[in-house]
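Trainee: One structure, pasted below without further comment.
In this note's numbering, the protein residues as written are 12 to 411.
So this is what it looks like as C-alpha cells:
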C-alpha cells in the first residue's frame, strides 16, 4: 500500500480504473501493425509495404499522440514530421480504433493526463514520486509528471540528458529536464558527475564526442577509479569485416596473453549472435547471457518464453514465433489473405496440404523458415495446456 512500481502506461490505466473512467480494450501489437500496413497499402495502392515502413509509421503515430504541440493546437499538421501520407495513415488507424472501441498503449497515459487537467481524474495517492530514465519520457509523460508536482507531490526525476535513444518514438531527451525545471515548483538540480564504472580515459574519450551536443546540461565527468583505461578506434569497411577482425584479434591477443579476459558489447542481439558464430568457428571459448540465438539453436528458450505468454496474449505469441524466424509482417498478412483465414491462431492448425501449397512459390530460405515455424506452432494450444498442467516438462519440450 505504501509503494507502487509501474510504467507510465500501466499507471495511466490504473488511474483511469481507479477513477471509474470507462476504458477501451487494448489493441494487440500484431493487429496494430496489421492495420497500419493495410492503411499504407490502401493509400499507396501498393501491397509491397515493408516491415520497416510499418515500424516507422507506428513510431510516428506514438510520437503524434505524445506531442504537446499537436495536443494544444488540435492540429496534426503541427507535428514536426507531418506530411499528407502520415496524416492519412494516422486517421485510418484512429478510425479503426474508434470503430472497434479500442485503444493503444499511448492512449492510456494520454487519457489519464487529460483527466488530470480536466479534474475528473485524481493524482496518484502517494506523497512521493520517482521517475527513472526521465530522458526517455515523451511530452505527455513529462506533462503528467509536472501535473503531479503541481498537485503537491514530491517529485524526483532522474536521467541522463546526454541520452536520447527513444527520440524515434517521442522521447524528449534534454528537453524533458528543461521543461520540468521551467514548469514544476521549487525545482533543485543535482548533477551526478562521478562515474563509478569507467576509468578517466574512457570518460574523456566519450566526452569529446558527447560535448558536441548543443542541448545538454554542462558537466565534467570524473572517474571514481582514476586513470588506467585505454581506447583504440579501428576503422573497417562493413559489419562482416568488423566481426572477422574482432574474432582474429581476440584469438591472437588471448594466445599472447593467456591471463587476460574480454567483454564484447553490441547494440542489438543479432550482432552478438554473428560474433558468437565467428568465435565458435575459430574455436574461441566464450560465455554469453543472450537468451535467444537463432543462428545456433531452434530458439528453445524463446519457445518456452512464448509458451509463457500464450495464455495472456496467444495472438501476440504466435506472431512473435513467426517473426523470430525472419517472417515479415506483410508476408504473414498476405498468407492469411490467400489462405482465407481470419485469425493468426489458424496457423497453429494448418494441414500439411495447405502448408505445401503455401510454400510452393517461395524461395528455399523462406520456405524453410515457414516450415520450421509452423512445425513448432503445430498443436501449439494443446502443447501449452500439457505444459501448464505438468503433462510435459520444459526439458522434454527442448528435446523436441
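Every residue gets a Cβ at the ideal spot worked out from N, C-alpha and C, and that includes glycine.
(1) Excluding the 5 residues preceding and the 5 following residue 295 in the sequence, name in chain order all residues of the same chain whose CB lies nearer than 8 Å to its CB.
(2) I need the straight-line Cα distance from residue 223 to residue 53, nearest angstrom please.
(3) So what does DSSP say about residue 73, is it helix, strand or coil?
(4) Just to confirm, are residue 128 and residue 23 a CB contact at a threshold of 8 Å?
(5) Anyone know if the C-beta pair for residue 196 and residue 229 falls short of 8 Å?
(6) So, residue 384 versus residue 332, is the Cβ gap smaller than 8 Å?
(7) Within its chain, find whatever has a CB closer than 7 Å to the CB of residue 96; leave out the 5 residues flanking it on each side and keep chain order.
(8) Determine the closest residue to residue 134 out of 12, 36, 27, with distance taken between C-alpha atoms.
(9) Which residues bound the alpha helix (DSSP H) around residue 61?
(10) May I ask you to verify whether the region 142-157 touches the region 187-194, counting CB pairs closer than 8 Å and requiring at least 3?
(11) Please give me, in chain order, every unbroken run of the alpha helix (DSSP H) with length at least 4 that falls completely inside the region 84-140.
(12) Is the region 140-150 touching the region 167-180 in the sense that three or more CB pairs, one from each, lie closer than 8 Å?
(13) Need the endpoints of the alpha helix (DSSP H) that residue 38 sits in, please.
(14) Using a Cβ-Cβ cut-off of 6 Å (strictly less than) and excluding sequence neighbours within five positions of residue 226, which residues of its own chain qualify?
(15) What are the start and end residues of each continuous alpha helix (DSSP H) run of 4 or more residues lying completely inside the region 348-398, in chain order?
(16) For a quick check, are the C-beta atoms of residue 350 and residue 369 less than 8 Å apart?
(17) Give the DSSP-derived three-state secondary structure of residue 295 in the structure shown.
(18) To the nearest angstrom, how far is it from the Cα of residue 178 to the Cα of residue 232?
(19) How about residue 157 and residue 30: do their beta carbons lie closer than 8 Å?
(20) Answer with buried or exposed for residue 243, where buried requires no fewer than 16 other C-beta atoms within 10 angstroms of its C-beta.
(21) Quick one, which of 126, 363, 328, 254 has its alpha-carbon nearest residue 245's?
(22) Please report the distance separating the alpha-carbon of residue 65 from that of residue 51.
(23) Let's see if you can read the secondary structure: which residues bound the beta strand (DSSP E) around residue 202?
(24) Hey, quick one: how far does the beta strand (DSSP E) through residue 165 stretch, first residue to last?
(25) CA-CA distance, residue 190 and residue 367?
Mentor: Walking through what the data contain:
(1) Excluding sequence neighbours, residue 295 sits near 258, 261, 262, 265.
(2) Rounded to the nearest angstrom, the gap between the Cα atoms of residue 223 and residue 53 is 43 Å.
(3) In the three-state DSSP reduction, residue 73 falls in the helix class (H, G or I).
(4) Taking 8 Å as the Cβ cut-off, residue 128 and residue 23 do not qualify as a contacting pair.
(5) No, they are not a contact pair.
(6) Judged by beta-carbon spacing, residue 332 lies within the 8 Å limit of residue 384, meaning their Cβ atoms are closer than that value.
(7) Correct list, in chain order: 54.
(8) In terms of Cα proximity to residue 134, the closest of 12, 36, 27 is 27.
(9) For residue 61, there is no enclosing alpha helix (DSSP H), since its DSSP letter is neither H nor E.
(10) Touching, yes.
(11) Fully enclosed alpha helix (DSSP H) runs of 4 or longer: 95-110, 116-129.
(12) Yes: the two stretches touch, three or more of their Cβ pairs being nearer than 8 Å.
(13) In the DSSP annotation of this structure, residue 38 is not part of any alpha helix (DSSP H), being labelled neither H nor E.
(14) In its chain, beyond the 5 residues on either side, 185 have a beta carbon closer than 6 Å to the beta carbon of residue 226.
(15) Within the region 348-398, the complete alpha helix (DSSP H) runs of at least 4 residues are 363-370, 375-388.
(16) Yes, the Cβ-Cβ distance between residue 350 and residue 369 is below 8 Å.
(17) If DSSP states are grouped into helix, strand and coil, residue 295 belongs with coil.
(18) Their backbone Cα atoms lie some 24 Å apart in a straight line.
(19) No, they are not a contact pair.
(20) So residue 243 counts as exposed.
(21) If we check each option's Cα against that of residue 245, 254 comes out closest.
(22) Roughly 8 Å separates the two Cα atoms.
(23) Note, residue 202: premise wrong, no beta strand (DSSP E); not H, not E.
(24) Segment 165-168, the beta strand (DSSP E) holding residue 165.
(25) When rounded, the distance between both Cα atoms is 58 Å.
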